[in-house]
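**Q** First the structure, which I've put down as structure tokens, then a few questions once you've had a look.
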Amino acid sequence: MRRVALVASLLALFALAWAWVASLDSVDDLLVASPDETWKALNDDWSLLIDNAWTTLHEVLLGLATSIALGVVFALAMHLSRTLREAAYPLLVASQAVPIVVLAPIFVLAFDYGIGPKIAIVTLICFFPITVNVLDGLRSVDPGQLTLMRAFGASRIRTLRSVELPAALPSFFSGLRIAATVSVIGAVFGEWAGADEGLGRLVLLGNDQLQTPRVYAGIVLLTLMAVALFALASLAERLICPWTREERTA
Amino acid sequence: MQVQAEAAQHGPSSIRGTLVALKGVGRTFRSGKAEVRALDDLELEVAPGEALGVVGVSGCGKSTLLELIGGLQEPDAGTVAIGGETAAAARRGACSYMPQRDMLLPWRDALDNAGLALEAQGLGRREARRRAEPLFERFGLEEFKRARPGTLSGGMRQRVAFMRTLLPGRPLLALDEPFAALDAITRSSMQQWLADALVSEPRTVVLVTHDVEEALFLCDRVVVMSSRPGHVVASFTVPLERPRDRTAAVTDPRLASLREQALEALR
Amino acid sequence: MTATPLVDAARTRRRAPFALLLLCALAVAVAVALAGCGEKRDKLGPGATRELELMLDYFPNADHAGIYAAQAGGEFRRAGLDVQIRQPPSPAAPINQVAAGRVDLAISYEPEVLRARDKGLNVVAVAAIVRRPLTSIISLPKAGIRSPKDLEGKTVGTAGIDYQTSYLRTILEEADVDPASVKQRDVGFSLVPALLSRRVDAVLGGFWNYEGTELAQKRRDPRIIRVDDAGVPRYDELVLVANEDALERDDSELRAFIGALARGTRALEKDPDEAIKGLLEANRDLDPKLQRAVVKKTLPLFLPVDGRPFGYLDGAAWHRFAAWMRDHRLVSEIPDASGAFTNRLLPGESL
Numbered sequence: 339m340r341r342v343a344l345v346a347s348l349l350a351l352f353a354l355a356w357a358w359v360a361s362l363d364s365v366d367d368l369l370v371a372s373p374d375e376t377w378k379a380l381n382d383d384w385s386l387l388i389d390n391a392w393t394t395l396h397e398v399l400l401g402l403a404t405s406i407a408l409g410v411v412f413a414l415a416m417h418l419s420r421t422l423r424e425a426a427y428p429l430l431v432a433s434q435a436v437p438i439v440v441l442a443p444i445f446v447l448a449f450d451y452g453i454g455p456k457i458a459i460v461t462l463i464c465f466f467p468i469t470v471n472v473l474d475g476l477r478s479v480d481p482g483q484l485t486l487m488r489a490f491g492a493s494r495i496r497t498l499r500s501v502e503l504p505a506a507l508p509s510f511f512s513g514l515r516i517a518a519t520v521s522v523i524g525a526v527f528g529e530w531a532g533a534d535e536g537l538g539r540l541v542l543l544g545n546d547q548l549q550t551p552r553v554y555a556g557i558v559l560l561t562l563m564a565v566a567l568f569a570l571a572s573l574a575e576r577l578i579c580p581w582t583r584e585e586r587t588a
Numbered sequence: 019m020q021v022q023a024e025a026a027q028h029g030p031s032s033i034r035g036t037l038v039a040l041k042g043v044g045r046t047f048r049s050g051k052a053e054v055r056a057l058d059d060l061e062l063e064v065a066p067g068e069a070l071g072v073v074g075v076s077g078c079g080k081s082t083l084l085e086l087i088g089g090l091q092e093p094d095a096g097t098v099a100i101g102g103e104t105a106a107a108a109r110r111g112a113c114s115y116m117p118q119r120d121m122l123l124p125w126r127d128a129l130d131n132a133g134l135a136l137e138a139q140g141l142g143r144r145e146a147r148r149r150a151e152p153l154f155e156r157f158g159l160e161e162f163k164r165a166r167p168g169t170l171s172g173g174m175r176q177r178v179a180f181m182r183t184l185l186p187g188r189p190l191l192a193l194d195e196p197f198a199a200l201d202a203i204t205r206s207s208m209q210q211w212l213a214d215a216l217v218s219e220p221r222t223v224v225l226v227t228h229d230v231e232e233a234l235f236l237c238d239r240v241v242v243m244s245s246r247p248g249h250v251v252a253s254f255t256v257p258l259e260r261p262r263d264r265t266a267a268v269t270d271p272r273l274a275s276l277r278e279q280a281l282e283a284l285r
Numbered sequence: 290m291t292a293t294p295l296v297d298a299a300r301t302r303r304r305a306p307f308a309l310l311l312l313c314a315l316a317v318a319v320a321v322a323l324a325g326c327g328e329k330r331d332k333l334g335p336g337a338t339r340e341l342e343l344m345l346d347y348f349p350n351a352d353h354a355g356i357y358a359a360q361a362g363g364e365f366r367r368a369g370l371d372v373q374i375r376q377p378p379s380p381a382a383p384i385n386q387v388a389a390g391r392v393d394l395a396i397s398y399e400p401e402v403l404r405a406r407d408k409g410l411n412v413v414a415v416a417a418i419v420r421r422p423l424t425s426i427i428s429l430p431k432a433g434i435r436s437p438k439d440l441e442g443k444t445v446g447t448a449g450i451d452y453q454t455s456y457l458r459t460i461l462e463e464a465d466v467d468p469a470s471v472k473q474r475d476v477g478f479s480l481v482p483a484l485l486s487r488r489v490d491a492v493l494g495g496f497w498n499y500e501g502t503e504l505a506q507k508r509r510d511p512r513i514i515r516v517d518d519a520g521v522p523r524y525d526e527l528v529l530v531a532n533e534d535a536l537e538r539d540d541s542e543l544r545a546f547i548g549a550l551a552r553g554t555r556a557l558e559k560d561p562d563e564a565i566k567g568l569l570e571a572n573r574d575l576d577p578k579l580q581r582a583v584v585k586k587t588l589p590l591f592l593p594v595d596g597r598p599f600g601y602l603d604g605a606a607w608h609r610f611a612a613w614m615r616d617h618r619l620v621s622e623i624p625d626a627s628g629a630f631t632n633r634l635l636p637g638e639s640l
């Protein structure tokens, strides 16, 4: 409860500051929409916003799913093969350095229009935190546990299944929380490179047509989407990794 | 001098044969240019059903000795055999190893943790749990079956670890300072618990510990290891009958004298 | 194109090796699906509908009203064409994709066509979509810029496009204003926000029909100086571009396209409010009030001057503009506009 109250008051403070900036004479109305203009746009354009939000969410979820798959596969492969790890790691890091603005059009031309390029961009942005974190998690397994499994005569796969992968779960969720938060931006960039629908496109066109309240409404929805995904990832961790939070009772 | 004579007198028991045999074992670790001789010319035998205690100061190579027996390391000199087999895989298969830290998997409940060794061997989870249940009942730990290690005390965790060590049913148990991390009170109650457990589940045991009294209480025979490079310098047979009671043992004069001798050998 | 949802990763804990295999398979499948989806195969065969890919110059807007009117009115279909309208992934994409033969047609700008030819890309303008410049210098009343002369000492925001910077230089020369007195700032593509934030006195690069109209609708009372009123030679702001090699091969399809486009644009002329529905229904996020106003303003430029066929490209004007580009070192290889444009695909033009 206390946390909710804290967040609420911070948000209220933010809204007040926002309203104050929007009311300044030196700031053109078309540059900054006030909170109540934004609220009005949310209501007036609700069906348009929601339809587009659904498209973007679709792109985000599919992209996240793909990046989870790729991220875990990469991490496992690099964990099992040191050669691969040393060769691939710099390349993976480099993949993050290329500006998305440059890559998005290339993806569109490679994957053709439709949802493909958006999924590709979201995957590109999101697989990296997952890979890095899962790999770290796999590599930080207590060596004593690995020795123990060896003493029991466990096969490599058995050790992976029973010890290493579960041990890496909390790290996986760390990566997932980050990925969830940045996934929305990826989808927006993907849409800016050509889309028939989506909040990213809506925001861009709204900007072009000086529909500032609608733009702000779109941004609010995008923000909520990112926050909700983060919260979902955190919730998933609480449900799947309850042991990280336990205290002694016996 | 006297210690050496006694070692010769209390040689390996060959009445019921030998399960574990170490002959002329040497183990050297290299790190960069530095060379550490952990063990040198070590001789040891353990009879089937015998509980052998190995005491020595820290760093004398006790853990290395245990890992050699358990098939986790190979000697640089000499041979290590269990039941006549020198192959590492065979030693691993014959030995159930309990490391110093409990190594319980935090995401598994107590039953699953106890069954870990069985699952490692390929048994299904449900079957492993089924086999672990009676042990929990036997040791009076039913109510903790579904508890996760994070909620258990140090003593409880060691108990679960010990059950994990027992379950595969292997002839030899290799215990590496199982109670070192516990406080004194828990330690003594755990020692009693282990003594009782071994009565109901008799095995061949090699127990490594720095606590001389613990070794004397729990074991049939105690050997003392020298400091690095480690080898056996003394061996004492413990004349106490089983089942043993710790409170009684503490005041038993025979143990007191053995303790003095052992401590003397340690210096 | 839709993709199927993937497996919930939470189950990997228990059944890791199977999940591992599954994940590998899925990763491969997704990659294949993404790569493979959308490779269009032309439907060949006599009488069959021919697929045509048109890449716009930007997100759909009123300047494309004729195209969408033709689409919605069934003109393309009746001409035996299945037209796919594509948005550009990047500003350079339309010309590059046509040059590479990956799209059949694109919308671009006359300066870009000449520059592309200068670089050796074999693209050709085949019709005018907007037959006069739309680029303007736009300012707000407070800046006090009524004519180019008033630019002296002012700050002008540009999008950083080199030929637009040359427009400014020409305009200042024409108005006898010392270029050193005019500060230029690169504001990227956010021209109107820069103007509204008063960080610049004027911006160069906005379209008088588009940015001008929207500012007027928002009651900002914009002052507009069209570049061709201020000394820049006339050029076609939006042109339809095709691949030179395809001119022969796809002669009939391209003609059919332009003919259908002409009919759609005429429909726009006859009943703008009805014909614009094509654009608005295909793009729900467009502001109808703004787009209608822009269409009405631009309509005369969609249509040819009297006596000329639809989409007519004025050769003399093209050569003059190419010469201007040479003077300003925007092109260096091509001597003039020869080969950069052709009117032979226009309706009514004989082969």
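Read top to bottom, the protein sequences are chains D, G and C.
Just so you know, the working numbering puts the end of the first sequence at 588, numbered straight through with nothing missing.
Just so you know, the working numbering puts the end of the second sequence at 285, numbered straight through with nothing missing.
Just so you know, the working numbering puts the end of the third sequence at 640, numbered straight through with nothing missing.
Even for Gly, the Cβ is constructed at its ideal location relative to N, Cα and C.
Mapping DSSP to helix, strand and coil, what is glutamate 342(C)?
**A** Note: glutamate 342(C) maps to strand in three-state DSSP.
**Q** Less than 8 Å between the CB atoms is what I'm expecting for glycine 482(D) and methionine 121(G), so what's the real figure, rounded?
**A** Contact holds; Cβ gap of about 5 Å.
**Q** Using the C-alpha atoms, what's the distance from isoleucine 468(D) back to leucine 152(G)?
**A** Reading off the sequence shown, one finds proline at residue 152(G), where the question assumed leucine. Taking the straight line from one Cα to the other gives about 42 Å.
**Q** Three-state secondary structure (DSSP) at glutamate 585(D)?
**A** DSSP places glutamate 585(D) in coil when its eight states are reduced to three.
**Q** Going by Cα to Cα distance, which pick from Cys113(G), Phe157(G), Arg45(G), Ala95(G) is closest to arginine 488(D)?
**A** Of the candidates Cys113(G), Phe157(G), Arg45(G), Ala95(G), the one whose C-alpha sits nearest the C-alpha of arginine 488(D) is Cys113(G).
**Q** Give the DSSP bridge partners of methionine 243(G), in chain order.
**A** Per DSSP, Val250(G).
**Q** Below 7 Å on C-beta distance, what does alanine 442(D) contact in chain C?
**A** What alanine 442(D) touches in chain C: Pro378.
**Q** Could you check whether the Cβ of glutamine 337(D) sits closer than 7 Å to any Cβ belonging to chain C?
**A** Not covered by the structure: residue 337(D). The range shown for chain D is 339 to 588.
**Q** So which residues of chain D does leucine 423(C) contact, with C-beta pairs closer than 8 Å?
**A** Near leucine 423(C) there are no residues of chain D at all, since even the closest Cβ is about 14 Å away, more than 8 Å.
**Q** Look up glutamine 373(C) in the DSSP assignment and give the residues it is bridged to.
**A** In the DSSP output, where bridge partners are listed per residue, glutamine 373(C) has Glu342(C).
**Q** Using the C-alpha atoms, what's the distance from glycine 528(D) back to serine 241(C)?
**A** A query on residue 241(C) cannot be resolved here, the shown segment of chain C reaching from 290 to 640 and no further.
**Q** Taking its Cβ as the centre, do 16 or more other Cβ atoms sit within 10 Å of glycine 556(D), making it buried, or is it exposed?
**A** Buried, by the Cβ-count rule.
**Q** Nearest CA to the CA of leucine 395(D): which residue from Leu567(D), Leu380(D), Ala355(D)?
**A** Comparing Cα positions, the closest option is Leu567(D).
**Q** Which word fits aspartate 352(C), buried or exposed, when buried means at least 16 other C-beta atoms lie within 10 angstroms of its C-beta?
**A** The residue in question, aspartate 352(C), is buried, as its Cβ has 16 or more Cβ neighbours within 10 Å.
**Q** Which term fits aspartate 475(C), buried or exposed, when burial requires 16 or more other beta carbons within 10 angstroms of its beta carbon?
**A** It counts as exposed.
**Q** So glycine 567(C) and proline 636(C) are in contact, right, with Cβ under 8 Å, and what is the actual spacing, rounded?
**A** That pair is no contact at about 20 Å.
**Q** How would you write the range of the alpha helix (DSSP H) that aspartate 214(G) sits in, first residue to last?
**A** Note, aspartate 214(G): alpha helix (DSSP H), 202-218.
**Q** Among residues of its own chain, excluding the 5 on either side of glycine 536(D), which ones have a beta-carbon nearer than 6 Å to its beta-carbon?
**A** Hits under 6 Å: Asn390, Thr393, Thr394, Glu529.
**Q** At 7 Å on the CB atoms, spell out the chain D contacts of arginine 641(C), in chain order.
**A** Nothing about residue 641(C) can be reported from this structure: the residues present for chain C run from 290 to 640 only.
**Q** DSSP three-state label for valine 594(C), please.
**A** Residue state, collapsed to three classes: coil.
**Q** Pick helix, strand or coil for glutamate 328(C), following the three-state DSSP scheme.
**A** In this predicted model, glutamate 328(C) has a pLDDT of only 42, less than 50, meaning its place in the structure is not dependable; the value taken from the coordinates is given anyway. If DSSP states are grouped into helix, strand and coil, glutamate 328(C) belongs with coil.
**Q** Return the CA-CA distance between valine 178(G) and aspartate 201(G), expressed in angstroms with no decimal places.
**A** Whole-angstrom Cα-Cα distance: 17 Å.
**Q** List the whole-angstrom C-beta distance separating valine 528(C) from valine 445(C), where the pair is believed to meet the contact cut-off of C-beta under 8 Å.
**A** About 26 Å; that fails the 8 Å criterion.
**Q** Quick test of your reading: glycine 494(C) and leucine 480(C), contact by CB under 8 Å. State the CB separation rounded to the nearest angstrom.
**A** 5 Å between Cβ atoms; contact.
**Q** Let me know the secondary structure DSSP gives lysine 301(D) once reduced to three states.
**A** The requested residue 301(D) does not occur in the structure, where chain D is confined to residues 339 to 588.
**Q** Proline 124(G) versus chain D: which residues are under 7 Å apart at the beta carbon?
**A** Under the 7 Å cutoff, chain D gives Trp581.
**Q** Going by alpha carbons, who is nearest to glutamine 139(G) out of Ala107(G), Arg164(G), Val256(G), Arg119(G)?
**A** Of the listed residues, the one whose Cα sits closest to glutamine 139(G) is Ala107(G).
**Q** Could you compute how far the alpha carbon of alanine 26(G) sits from the alpha carbon of phenylalanine 254(G)?
**A** Confidence in alanine 26(G) is poor, its pLDDT being 44 and thus under 50, which makes the residue's placement unreliable; the coordinate value appears in the next sentence. Cα to Cα, the separation comes out at about 11 Å.
**Q** By the 10 Å Cβ neighbour count, where 16 or more other Cβ atoms means buried, how is glutamine 386(C) classified, buried or exposed?
**A** Flag for glutamine 386(C) reads buried.
**Q** Given a cut-off of 7 Å, decide if arginine 239(G) and proline 257(G) are closer than it, judged by their beta-carbon atoms.
**A** Result no, Cβ atoms of proline 257(G) and arginine 239(G) do not sit closer than 7 Å.
**Q** What would DSSP say about alanine 95(G), mapped onto helix, strand or coil?
**A** The answer is strand: DSSP assigns alanine 95(G) an E or B state.
**Q** Does the beta-carbon distance from leucine 602(C) to alanine 359(C) come in below 7 Å?
**A** For leucine 602(C) and alanine 359(C), no; Cβs fall outside 7 Å.
**Q** Using the DSSP secondary-structure output, state which residues sit across from asparagine 572(C) in a beta bridge.
**A** For asparagine 572(C), which the question treats as bridged, DSSP gives no partner whatsoever.
**Q** Compare the C-beta of alanine 448(C) with all C-beta atoms of chain D and state if any pair is closer than 7 Å.
**A** No, alanine 448(C) lies away from the interface with chain D (no Cβ there is under 7 Å from its Cβ).
**Q** Rounded C-beta distance between alanine 361(C) and glutamate 570(C)? I'm assuming under 8 Å.
**A** Confirmed, Cβ separation roughly 7 Å.
**Q** So alanine 405(C) packs on methionine 344(C), CB below 8 Å; how close in whole Å?
**A** That belief does not hold up - the Cβ atoms of alanine 405(C) and methionine 344(C) are roughly 14 Å apart, past 8 Å.
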